[in-house]
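Protein sequences appear in the order of chains V and C. Per our numbering, residue 218 is the first one in the first sequence, and the count goes up by one each step. Per our numbering, residue 22 is the first one in the second sequence, and the count goes up by one each step. Positions of the beta carbon are idealized from the N, C-alpha and C atoms, including for glycine. Small disclaimer: the values here were computed from a predicted structure and weren't measured. Scroll down for the structure; my scribbles are underneath it.
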Amino acid sequence: DSGVTQTPKHLITATGQRVTLRCSPRSGDLSVYWYQQSLDQGLQFLIQYYNGEERAKGNILERFSAQQFPDLHSELNLSSLELGDSALYFCASSKGGQNYGYTFGSGTRLTVV
Amino acid sequence: EDQVTQSPEALRLQEGESSSLNCSYTVSGLRGLFWYRQDPGKGPEFLFTLYSAGEEKEKERLKATLTKKESFLHITAPKPEDSATYLCAVQAGDYKLSFGAGTTVTVRA
Chain V
218 DSGVTQTPKH
228 LITATGQRVT
238 LRCSPRSGDL
248 SVYWYQQSLD
258 QGLQFLIQYY
268 NGEERAKGNI
278 LERFSAQQFP
288 DLHSELNLSS
298 LELGDSALYF
308 CASSKGGQNY
318 GYTFGSGTRL
328 TVV
Chain C
22 EDQVTQSPEA
32 LRLQEGESSS
42 LNCSYTVSGL
52 RGLFWYRQDP
62 GKGPEFLFTL
72 YSAGEEKEKE
82 RLKATLTKKE
92 SFLHITAPKP
102 EDSATYLCAV
112 QAGDYKLSFG
122 AGTTVTVRA
């Protein structure tokens, strides 16, 4: 157990629907990162939050949004889902600041049918 | 934009057959280079962080080294349990990690 908790582990939904993925960071970590991993793309950075504030944005679609709450857990919202959104979504956390690596959760596997 | 290229894409080894994985990178202001191990369907697991050229780190059968343009992950006398995808990532000024596509290592008994 890495200490980073992601729920749900699996999600199957239809095109056009909206889902919410949840992440609880490791105790003491202030930064949360979201990554998407598909078979042909590798790990792609989506967005980072630090202590409730958005810190950096990657290749995140406009249909996707995220937030980090006062208790530091984070949610990634995916809307108007398309078949191509099927992927593993990982959350990672770190203490923040330079030179800290991430601790990853076990991921949420999203299947859009 | 940060670029990380890993080679080879796949590596098949016999148990005990040592080999090396390469990670070449282009980044402005490297803060750290990270190696992760990922098993199928699981999250990446942290292995090493390297901060400056010439630095080396070891863990069991794995040894990571860093130059100004690339990093190597050496696997010495691998065992079947070393089979996994090994991911390299660089961290620059904005603290996010940019990952390479990975090298999938298969070790046969």
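- Out of C:Tyr-57, C:Phe-67, C:Ser-39, C:Arg-52, the CA that lies nearest to the CA of Thr-124 (chain C) is found in C:Tyr-57.
- Closest option to Phe-120 (chain C), judged by alpha-carbon separation, among C:Gly-37, C:Gly-75, C:Ala-130, C:Tyr-107: C:Tyr-107.
- In the DSSP annotation of this structure, His-290 (chain V) is not part of any beta strand (DSSP E), being labelled neither H nor E.
- In chain order, Val-236, Leu-238, Thr-325, Arg-326, Leu-327, Thr-328 place their CB closer than 8 Å to the CB of Leu-228 (chain V), counting only its own chain and leaving out the 5 sequence neighbours on each side.
- When secondary structure is reduced to three states using DSSP, Leu-300 (chain V) falls in the helix class.
- Here the stretch 62–79 of chain C makes no contact with the stretch 43–50 of chain C; the two share fewer than three CB pairs at distances below 8 Å.
- DSSP, read as helix, strand or coil, puts Glu-102 (chain C) in helix.
- Between the stretch 246–253 of chain V and the stretch 299–312 of chain V there are three or more inter-stretch CB-CB distances shorter than 8 Å, so the stretches are counted as touching.
- For Ile-277 (chain V), there is no enclosing beta strand (DSSP E), since its DSSP letter is neither H nor E.
- In chain order, Leu-247 place their CB closer than 7 Å to the CB of Asn-268 (chain V), counting only its own chain and leaving out the 5 sequence neighbours on each side.
- Rounded to the nearest whole angstrom, the CA to CA distance from Gly-233 (chain V) to Ser-282 (chain V) is 16 Å.
- The residue from C:Ser-104, C:Leu-34, C:Pro-101, C:Leu-94 with its alpha-carbon nearest to that of Phe-55 (chain C) is C:Leu-94.
- Cβ contact annotation for Gly-37 (chain C) (same chain, cutoff 6 Å, sequence separation greater than five): Ala-98, in chain order.
- Per DSSP, reduced to three states, the secondary structure at Val-249 (chain V) is strand.
- Fully enclosed alpha helix (DSSP H) runs of no fewer than 4 residues are not present anywhere in the stretch 31–84 of chain C.
- Residue burial annotation: Gln-35 (chain C) is exposed, with fewer than 16 other C-beta atoms found within 10 angstroms of its C-beta.
- Flagged as an interface residue toward chain V: Pro-65 (chain C), by a C-beta distance shorter than 8 Å.
- Its chain contains Gln-265 as the residues whose beta carbon lies nearer than 6 Å to that of Ala-273 (chain V), once the 5 sequence neighbours on both sides are disregarded; these appear in chain order.
- For the 8 Å CB-CB criterion, Gly-318 (chain V) and Ser-219 (chain V) do not form a contact.
- With distances taken between CA atoms, Gln-284 (chain V) lies nearest to V:Ser-241 out of V:Val-221, V:Lys-226, V:Ser-241, V:Thr-230.
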